[in-house]
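J.: In our numbering, the protein residues as written are 45 to 121. Glycine included, every Cβ here is placed at the ideal spot set by N, Cα and C.
1) For a quick check, are the C-beta atoms of residue 73 and residue 114 less than 8 angstroms apart?
2) Report the rounded CA-to-CA distance for residue 86 versus residue 76, giving the unit in angstroms.
3) Taking only the alpha-carbon atoms, compute the straight-line gap between residue 112 and residue 119 and give it to the nearest angstrom.
4) Considering only DSSP beta bridges, list what residue 54 is partnered with.
5) Since residue 95 and residue 63 are thought to touch, with beta carbons under 8 angstroms apart, how far apart are those beta carbons, to the nearest angstrom?
6) Taking all protein chains shown into account, decide if residue 48 is buried (16 or more other Cβ within 10 angstroms of its Cβ) or exposed.
Dropping the structure here:
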């Protein structure tokens, strides 16, 4: 799956809108995950977990801490 990371959002882009996304707030050395969404058509395929894993990987590469504030992120990290 191809992800786009831009301006506090990691997403799976669609034609008119994002099909799935994680919103996060950037504050110095921390990314606070505030929202996770997967469209009904993609649910049940592990997309949200793949996005969490990708965001954690990106954060590690930049020595950034993750603050999992949304319920899905809290249980997944």
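T.: A quick look at the data gives this:
1) The residue you call residue 73 lines up with position 29 of the chain shown. The residue you call residue 114 lines up with position 70 of the chain shown. Contact check for residue 73 against residue 114 fails: the beta carbons are separated by 8 angstroms or more.
2) Numbered from its first residue, the chain shown carries residue 86 at position 42. Numbered from its first residue, the chain shown carries residue 76 at position 32. One C-alpha to the other measures close to 24 angstroms.
3) On the chain shown, position 68 is the one that residue 112 refers to. On the chain shown, position 75 is the one that residue 119 refers to. Here the C-alpha atom of residue 112 lies approximately 9 angstroms from the C-alpha atom of residue 119.
4) Reading the chain shown from its first residue, position 10 is the one you call residue 54. According to DSSP, residue 54 bridges with 49 and 66.
5) Within the chain shown, residue 95 is the residue found at index 51, counting from 1. Within the chain shown, residue 63 is the residue found at index 19, counting from 1. Actually they are not in contact, since the Cβ atoms of residue 95 and residue 63 sit about 11 angstroms apart, beyond 8 angstroms.
6) Mapped onto the chain shown, residue 48 falls at position 4. Result: exposed.
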